[in-house]
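Novice: Pasting a structure here, questions to come.
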């Protein structure tokens, strides 16, 4: 790892990180408050049979319990979109974007091995994701505190909730970085990573809304984030291990490919 | 005798190997020979020019030296370090100016130079002198790089490459975008570096620049080295253009050593002169000459002569060009 590169990366991303973290904190806070204010009405509507019961299980979250609302906050497209700013945006531009702009040339003309560059940018990306997810987790606690429901939330489980969420985006970020080191231009790296994210998300949501498609969910990385189980004290270790394994495998592949690649002059 | 600053042995690069071709769009264009069998050695303390038209393989050679590319065959060492296995050590000692350099545009010039110096891991001991020479003021350095003109960016590129006083500077088209005054200032910087024992390897297609600055020059074409010469020796071997205004009958120049292409008409004699001028001067002694000019040999002509003869060689032999001289 290179401290000068880490400092440069931090300076280049700190404003974006601040905005995303504040937005996620606000979003995380909003869900328990919405549950507190409207949970009962939503339950009455659902019980009336107007909507199918699957609508209450969007991505494993719901609005009829505190843990369900926090889970919904984690898997809602707004939260996913905000988290992807670093998991795909930062990760894919880190190498392919710099290469396309021509600035990777200036960076790699310094005494930095490609593995060091990868490790430093990977670590920076992991930290940014970790901070964003911490904002989301803190927001959930804040929302519960504002509505006087912290005991119901199980505060002791929040670090594990953070880890579960962070592992998902670390895995997606590692895939993004793998794409980033593999291409000369940004668009194929972004396209490939977004395809993985969107297909993964679609499979998970589809499986949660349509019982016949439940068998597709294990193929989705989002399936291995289960805030409700984590908050109720029954996390599945296998979920954590699988996400960690995907992250590791993508990192190993990137560390193998990047140093061996030819970096021809930018065109 | 000290070890060469750069040494390449049969260095070859073919784009389009089987590995990773699915991932690298460029390498799917299988079988492009960007560099072939290039063997050169560059002495420490010299300014070495690497000449060739666009697409000749200059940038490929530079990228092989810095470890950005992996050679298909052959090897290169820079300051004694292997370009594949020890490229980090090479880049620790080298200052590099890429052609068409790009920067992190949101940074100010000063911040950019600070960050690049920090990444180099060496203090920017030459920065002050370089800023003075290239007339980049403190006020300019406070502005974001995105506001810089092309010439200012090039100055910044030169400074970032040299500010940490590298043992070897590798400069790709360094004077591109500089106005004539700044080009002169840049040549002064190169002279300073040479006086301090630094080695400079620079690629260019500006022949007058190479002639002005370099001790030796390599000419590359279609990925192959076609000449590697001392610049003075290369110039000395080139033919000079002679023009004589006559006020009487023309001198007899047929059969005089070094004289060729003699043409006479309207009181004007033109010819080309190669090598020692003694026999030519002896032959014209006593002739009625009103005026005479001998144009010094220009590298540009030498360069074109190389290319012309290569093209003839290719047509005659139907084989690739080697290192003919």
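Residue numbers (our numbering), protein chains in the order written: chain A, 541 to 807; chain B, 2 to 326. Each residue gets a CB set at the ideal place from its N, CA and C atoms; glycine is no exception.
Contact criterion: CB-CB distance below 8 angstroms. Does residue 743 (chain A) meet it with respect to chain B?
Specialist: No - not a single Cβ of chain B is within 8 angstroms of the one on residue 743 (chain A).
Novice: Which residue wins for smallest C-alpha separation from residue 90 (chain B), given the options A:777, A:652, A:713, A:662?
Specialist: For the residues A:777, A:652, A:713, A:662, the minimum Cα distance to residue 90 (chain B) belongs to A:652.
Novice: Quick one: grab the DSSP three-state call for residue 29 (chain B).
Specialist: Only weak support exists for where residue 29 (chain B) lies, its pLDDT of 49 falling under 50; the coordinates are left without a value.
Novice: I'd like to check one pair, residue 142 (chain B) with residue 116 (chain B): are the Cβ atoms closer than 8 angstroms?
Specialist: No. Outside cutoff.
Novice: Give me, in chain order, the residues of the same chain whose beta-carbon lies closer than 6 angstroms to that of residue 288 (chain B); leave out the 5 immediate sequence neighbours on both sides.
Specialist: Counting only Cβ-Cβ distances below 6 angstroms, and skipping sequence neighbours, we find 252.
Novice: Between the Cα of residue 261 (chain B) and the Cα atoms of B:250, B:267, B:248, B:280, which residue gives the shortest distance?
Specialist: Considering only alpha carbons, the answer is B:280.
Novice: Is residue 149 (chain B) close to chain A, meaning its C-beta is less than 8 angstroms from at least one C-beta of that chain?
Specialist: So, not an interface residue.
Novice: Quick one: grab the DSSP three-state call for residue 22 (chain B).
Specialist: Any reading at residue 22 (chain B) needs caution, since the residue's pLDDT is 48, under 50, leaving its predicted position unreliable; the model's value is listed next. In this structure, residue 22 (chain B) counts as coil in the three-state DSSP scheme.
Novice: Name the one or two DSSP bridge partners that residue 293 (chain B) has.
Specialist: DSSP output for residue 293 (chain B) lists B:245 as bridge partner(s).
Novice: With C-beta atoms as the reference, is residue 767 (chain A) less than 8 angstroms away from residue 701 (chain A)?
Specialist: Taking 8 angstroms as the Cβ cut-off, residue 767 (chain A) and residue 701 (chain A) qualify as a contacting pair.
Novice: Is it buried or exposed for residue 320 (chain B), if we count other Cβ within 10 angstroms and need 16 for buried?
Specialist: Confidence at residue 320 (chain B) is low in this model, with a pLDDT of 32, below 50, so its placement is unreliable and the value that follows should be read with caution. When all chains shown are included, residue 320 (chain B) counts as exposed.
Novice: When you compare only the Cα positions, how much space is there between residue 29 (chain B) and residue 64 (chain B)?
Specialist: With a pLDDT of 49 at residue 29 (chain B), under the threshold of 50, the modelled position of this residue cannot be trusted, and the question is left open.
Novice: Residue 155 (chain B) and residue 177 (chain B) look like a contact to me (Cβ under 8 angstroms); what is the Cβ gap, rounded to whole Å?
Specialist: Indeed they touch by this definition, with Cβ atoms about 6 angstroms apart.
Novice: For residue 794 (chain A), which residues in the same chain have their Cβ closer than 7 angstroms to its Cβ, ignoring the five residues on either side in sequence?
Specialist: The answer, listed in chain order, is 658, 717, 718, 721.
Novice: Under a three-way DSSP split, which group does residue 570 (chain A) fall into?
Specialist: It is helical.
Novice: Using 8 angstroms as the threshold, is the C-beta distance between residue 726 (chain A) and residue 787 (chain A) below it?
Specialist: Against a cut-off of 8 angstroms, the Cβ pair of residue 787 (chain A) and residue 726 (chain A) comes out as no contact.
Novice: Is there a C-beta anywhere in chain A that falls below 8 angstroms from the one on residue 70 (chain B)?
Specialist: Taking Cβ atoms only, chain A reaches closer than 8 angstroms to residue 70 (chain B), which makes this a yes.
Novice: Using the C-alpha atoms, what's the distance from residue 282 (chain B) back to residue 245 (chain B)?
Specialist: Their backbone Cα atoms lie some 12 angstroms apart in a straight line.
Novice: For residue 217 (chain B), count neighbouring Cβ atoms within 10 angstroms of its own Cβ and tell me buried if that reaches 16, exposed if not.
Specialist: Result: buried.
Novice: Which residues in the same chain have their Cβ closer than 8 angstroms to the Cβ of residue 557 (chain A), if we skip the five residues on either side of it in sequence?
Specialist: Only 626, 668, 671, 672 meet the Cβ criterion.
Novice: DSSP on residue 715 (chain A), reduced to helix/strand/coil?
Specialist: In this structure, residue 715 (chain A) counts as helix in the three-state DSSP scheme.
Novice: In terms of residue numbering, what span does the alpha helix (DSSP H) encompassing residue 797 (chain A) cover?
Specialist: Start and end: 777-800.
Novice: Determine the DSSP secondary structure at residue 671 (chain A), reduced to helix, strand or coil.
Specialist: Note: residue 671 (chain A) maps to helix in three-state DSSP.
Novice: If the cut is a Cβ gap below 8 angstroms, which residues of chain A does residue 93 (chain B) touch?
Specialist: Near residue 93 (chain B) (Cβ distances below 8 angstroms), the residues of chain A are 651.
Novice: Going by other Cβ atoms of all chains shown within 10 Å of its Cβ, with 16 needed for buried, is residue 121 (chain B) buried or exposed?
Specialist: Residue 121 (chain B) should be labelled buried.
Novice: For residue 64 (chain B), go through chain A and note every residue whose CB falls closer than 8 angstroms to its CB, in chain order.
Specialist: Per Cβ cutoff of 8 angstroms: 803, 804, 805.
Novice: For a cutoff of 8 angstroms on Cβ pairs, would you count residue 15 (chain B) as touching chain A?
Specialist: Residue 15 (chain B) does not count as touching chain A.
Novice: Could you have a look at residue 625 (chain A) and say whether DSSP puts it in helix, strand or coil?
Specialist: In the structure shown, residue 625 (chain A) sits in a helix (DSSP, three-state: H, G or I).
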